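Colleague:
Residue numbers (my numbering): 87 to 521.
(1) Among 241, 299, 292 and 316, which residue has its Cα nearest to the Cα of residue 339?
(2) Residue 501 by DSSP, collapsed to three states: which one?
(3) What does the alpha-carbon distance come out to for the pair residue 445 and residue 439?
(4) Bridge partners for residue 210 per DSSP, in chain order?
(5) What span of residues does the alpha helix (DSSP H) with residue 481 cover, start to end?
(6) List the whole-angstrom C-beta distance separating residue 350 from residue 103, where the pair is believed to meet the contact cut-off of C-beta under 8 angstroms.
(7) Taking 6 angstroms as the limit between beta carbons, can you name the residues of its chain near residue 100, skipping five residues before and five after?
(8) Hey, could you find the ends of the beta strand (DSSP E) residue 203 is sitting in?
(9) Using 10 angstroms around the beta-carbon of residue 319, count the other beta-carbons present and answer buried if the total reaches 16, otherwise exposed.
(10) Going by DSSP in three states, residue 180 sits in which element: helix, strand or coil?
(11) Please report the straight-line C-alpha distance between residue 220 and residue 406, rounded to a whole angstrom.
(12) Could you spell out where the beta strand (DSSP E) holding residue 268 opens and where it closes?
(13) Residues in its own chain within less than 6 angstroms of residue 402 by CB, not counting five upstream and five downstream?
(14) On the premise that residue 494 lies in contact with residue 381, defined as a C-beta separation below 8 angstroms, what is that separation, rounded to the nearest angstrom?
(15) According to DSSP, simplified to helix, strand and coil, what is residue 324?
(16) Rounded to the nearest angstrom, what separates residue 435 and residue 203 at their Cα positions?
(17) May I ask you to list the residues that DSSP assigns as paired with residue 360?
(18) Would you identify the three-state DSSP class for residue 284, choosing helix, strand or coil?
(19) Can you give me the start and stop residues for the alpha helix (DSSP H) that residue 244 sits inside?
(20) Helix, strand or coil: how does DSSP classify residue 127 here?
(21) State yes or no: is the beta carbon of residue 231 nearer than 8 angstroms to at least one beta carbon in chain B?
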């Protein structure tokens, strides 16, 4: 087993760490899917309002990748289809009859089964973090068993307490795609027992657990066509479950954390369940973030958690402003530099909030971004090339190896309040349109 040691990064100290217990959420009467939250997605509906669907019934697909189906997780009637501007599909609401009848599908170990069953939609590719084209072939798969973002799922704990179909999932990927499967693991991980996998020992300093960082250190991407595919441990398990049980596993285990949730823990939830039905939340002003607090997206509690996310962060919104706070020693101010005294005591008494603590300023090269980015990339030069829309320079500076979540700590530490992650995403969107 090879060692990938990450020295740059930071593990955020934030309250509301999920407890190591799994709670079951009551079956929701409705589930919701949000095609509008997929990037560069042109939705084509396969169902109409009042139409009856089963578990595994294809309900929509992307016109640009028409063979990849997205399927229902319940049986019941399509309650409502919500449209946005220019008749774009925002959400699909399905009423759950709680019978969970399965859609009939011929199952064999083939690419077609992955496409028709909706399992292909669990896979993504680097660069661009999108679902791969149905006609493409991966060079290799990457799976991280040690996510390091705030409130990340502890896969070692999770898979000790749920049915494990990981080996079957690995075998299916190997048989269908005939490529290497690489997995980042922690020391003494239970997953080392899996076969037909290349293991890499990863330390726990965030963002070491990000797939993009692991790809950068293990098998770097050279150009837009040099793709690596990846998926989560739970999604690998779902693939294995489907081929072993001949039916869909329509639940997901979510990690709920933050100071806005009353019982931070793991929740077994029907995929598509509205957030407000998952757990009890405080009566304070709170913000729901699908994903982690560094790189997630704000969502409404009436919506469901985003398709690929396994973390729901719930944080209290700060409304009070501190008068002349920059003049104080800052014993309780979170700092990764030596600006405040809190740095001396490792932020042990610090409290994070939703304030920006300043406004956007000119980018000043102080080396802060580089101190938390464990990649052989010059982030400030890359960001400036994106702002200038200089595609040739973007390619030379490593845009194809870049993902917004890998640069999230750069946004967090930035003294100029620059939204580095958003700029990286803008650069990826620009270059994807050009190629």
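Even for Gly, the Cβ is constructed at its ideal location relative to N, Cα and C.
Everything numeric in this text was worked out from a predicted model, so none of it was measured.
Modeller: Short version:
(1) Comparing Cα-Cα distances from residue 339 to each of 241, 299, 292 and 316, the minimum goes to 241.
(2) Residue 501: coil per DSSP, three-state reduction.
(3) Cα-Cα distance, rounded: 16 angstroms.
(4) In the DSSP output, where bridge partners are listed per residue, residue 210 has 316.
(5) Secondary structure note for residue 481: its alpha helix (DSSP H) is the uninterrupted segment 477-482.
(6) That belief holds up - the Cβ atoms of residue 350 and residue 103 are roughly 6 angstroms apart, short of 8 angstroms.
(7) Close CB contacts of residue 100 within its chain, under the 6 angstroms cut and outside five residues either way in sequence, are with 236 and 438 (chain order).
(8) Taken as a continuous stretch (DSSP letters only), residue 203 belongs to no beta strand (DSSP E), being part of the alpha helix (DSSP H) at 197-203.
(9) Around the beta-carbon of residue 319, 16 or more other beta-carbon atoms lie within 10 Å, marking it buried.
(10) Here residue 180 sits in strand by DSSP.
(11) Computed Cα separation, rounded: 50 angstroms.
(12) 266-271 is the extent of the beta strand (DSSP E) around residue 268.
(13) Taken in chain order, the residues that qualify are 345, 346, 370 and 372.
(14) Yes, residue 381 and residue 494 are in contact; Cβ-Cβ is about 4 angstroms, under 8 angstroms.
(15) Looking at residue 324 - three-state DSSP - the assignment turns out to be helix.
(16) For residue 435, the predicted model reports a pLDDT of 49, less than 50, meaning its position is unreliable; a value from the coordinates is still stated below. Rounded to the nearest angstrom, the two C-alpha atoms are 49 angstroms apart.
(17) Answer is 390, bridged to residue 360.
(18) Reduced to three states, the DSSP call for residue 284 is strand.
(19) In the DSSP assignment, residue 244 falls within the alpha helix (DSSP H) that extends over 241-244.
(20) The answer is coil: DSSP assigns residue 127 none of H, G, I, E or B.
(21) You won't find chain B in this structure, because it holds only one protein chain.
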